[in-house]
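One structure is given below, encoded as structure tokens.
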Amino acid sequence: MANARVTVHTEAGIDRIEPELHGHFAEHLGRCIYDGIFTDDSVEEDGFREDVVELLDDLEMPVLRWPGGCFADDYQWEDGIGPREERPRRRNLFWGQGREMVPEESNRFGTHEFLEFCERVGTEPYLAANVGSGDPQEAADWVEYVNYDGDTTLADRRRENGREEPFEVKYWGLGNENWGCGGQMDPEQYAREYRRFATYVGTQTAHMLDHDLELIACGFEGHDWNHQFMEEVGGTPWGVDYPLDHLTLHHYYGRTMSVAEADEDDYDEFFLEALEMDHHIERLASAINAFASTRDIGVIIDEWGSWHPEAQGGTGLEQPGTVLDALSAAAVLDIFNDHADVMTMSNIAQTVNVLQCLVETQGDDAFARPTYRVYDLYKPHKGNEAVTTSIETPTREVDDEELPLVGASASVDEDGEVFVTATNLDTRAAHTVEFTVEDATGDDVDAQVLFEGQEPDLEVDADNADAFTADELDVSVDNDGTITAELEPATVAGISVE
Ligand code: AHR
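Each residue of the sequence shown is one higher than the one before, counting from 0 in numbering that gives the first Met the number 0.
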């Protein structure tokens, strides 16, 4: 007997799930770049870790944000071009680098390395320009260096450095957490800075480039800040609309839940905190709508994921990879689908080795974490039309709130095939879920499940990583097409229905 019900309203479309909703983020932090993506010990000429390239290539990452994070607002892009051995070595104000956690930046991995890496793994680059300690000229020069096809000194420098054709980078972030590490600005101050940068970076679109740029402002989890920012930036002195295509914020959760010490009550609190993503998206969209309702400004969450007490600056923000984190990612990706009408991108933090990374390297091994398996399972959603779901689920009271134990989202592809994902966040009990997909016959159902029989807090390593791959999920299909499946504790299902 089912105790949870998911009804998929196939005719109630929300919007296209932009593939960029499954995007990623890589910063010069700990072992993300050095020893993660790139290794000085590499036998490969280009310095990329081939095992990491292979895993990320398979994942079909749509977009990758770089070079930070806090690092971005202290980064001079010109340090990272030209012959590697001649590049300056700088302090890294925010993070230690590599295995030894050296608070210095060798600049061995710079603009060309990053953009070539993106080409290798087939992903769209998203560059974050320095607003905190930089100036608009520097940002505009970076755009010209990577994107301009004409006859300027900067474009020629790119060619001398080995790249004839422009890279055509579309996404440009103007600042990172400028309310904090990016300059401790108040919202009005950042709005004025944003306008100044957007003036110089944005005008290049019309005059010099034959493709559009999309400019991204960085907001805050404190939503009054976003309202004040939008009010100031949205004002159009002299009738000018400043280019602003997306507004982002960062949501990390799990700061008080040590993976090693937590129990099932802590897991519930952790999931509840992850689900706050829903509220953040709604509040960010409402700030946009309040001051720029006639403009098309998308919501981005360009840093998010678990951040446990194990992740400390001194250890490069490394923390164990577990099914708990993966479940939170599945629940959040479902939330993104439900907000496909306002969301344009998300970037989980971070791609390799840092925080809720998808890939971990240990010496010569590179392996997928459970969160990687969720992204892999959720692939069919990308580019589909998100559709509305109604969910009846058991709940558990947690800190005077109700944690919904079963969550889901659904989408339809251009041939009418429906894809439903569902997560059982309950680490204590299985739940039997009945899926009703409107207008589906249920003749052709393919169902997979992740993490059946796995301990939710077991740390993944090179030896056990393969045990987290998907299995077939047992389902029964009624005459009327209703699909019933028992979701074991702490599992994620992906069901395709014709
Ligand atoms: O992802 C780690 C850090 O978290 C980033 O540098 C910063 O933007 C955020 O606070």
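Glycine included, each C-beta is placed from N, C-alpha and C at the ideal position.
Item, Value
"Comparing the CB of HIS249 with every heavy atom of the ligand AHR, is any distance shorter than 7 Å?", "yes"
"Does the stretch 450-465 come close enough to the stretch 287-295 that 3 or more CB-CB pairs lie under 8 Å?", "no"
"For the ligand AHR, I want to know if ASN175 counts as a neighbour, meaning its beta carbon is within less than 7 Å of at least one of the ligand's heavy atoms.", "yes"
"VAL397 to VAL258, Cα distance in whole Å?", "19 Å"
"My guess is that CYS117 and LEU58 are in contact by the Cβ rule of under 8 Å, so how many angstroms apart are they, rounded?", "That pair is no contact at about 13 Å."
"When burial is assigned at 16 or more other CB atoms within 10 Å of the CB, is GLN318 buried or exposed?", "buried"
"Do VAL168 and VAL120 come within 8 Å of each other at the CB atom, strictly closer than that value?", "no"
"Just confirm the distance between the C-beta atoms of PRO379 and PHE418, as a whole number of angstroms; I'd bet it's less than 8 Å.", "4 Å"
"Counting only the same chain and skipping the five closest in sequence on each side, list residues whose C-beta sits under 6 Å from that of VAL353.", "LEU28, GLY29, CYS31 and LEU316"
"Where does TRP178 fall in DSSP's three states?", "coil"
"How should ASP72 be labelled, buried or exposed, when 16 other C-beta atoms within 10 angstroms of its C-beta is the threshold for buried?", "buried"
"Considering only the alpha carbon of each residue, which of THR370, ALA429 and LEU376 lies closest to PRO393?", "ALA429"
"Going straight from the alpha carbon of SER285 to that of GLU384, what length do you get?", "23 Å"
"Compute every distance between the C-beta of CYS356 and the non-hydrogen atoms of the ligand AHR, then say whether any falls below 7 Å.", "no"
"Tell me the DSSP secondary structure of PHE219 in three-state form.", "coil"
"When the Cα atoms are used, what is the spatial distance from HIS278 to ARG194?", "27 Å"
"Using a Cβ-Cβ cut-off of 6 Å (strictly less than) and excluding sequence neighbours within five positions of ASP364, which residues of its own chain qualify?", "ALA461"
"In this structure, does DSSP put HIS307 in helix, strand or coil?", "coil"
"Thinking just about the alpha-carbon of each residue, which of THR38, MET60 and ARG4 is nearest to the one in HIS23?", "MET60"
"Between which two residues does the alpha helix (DSSP H) harbouring HIS27 extend?", "Premise fails: HIS27 is in no alpha helix (DSSP H) and is neither H nor E."
"Looking only at DSSP bridge pairs, what is VAL358 linked to?", "VAL351 and ALA367"
"Taking contact to mean 3 or more Cβ pairs, one atom from each stretch, closer than 8 Å, check whether the stretch 197-213 and the stretch 136-150 are in contact.", "yes"
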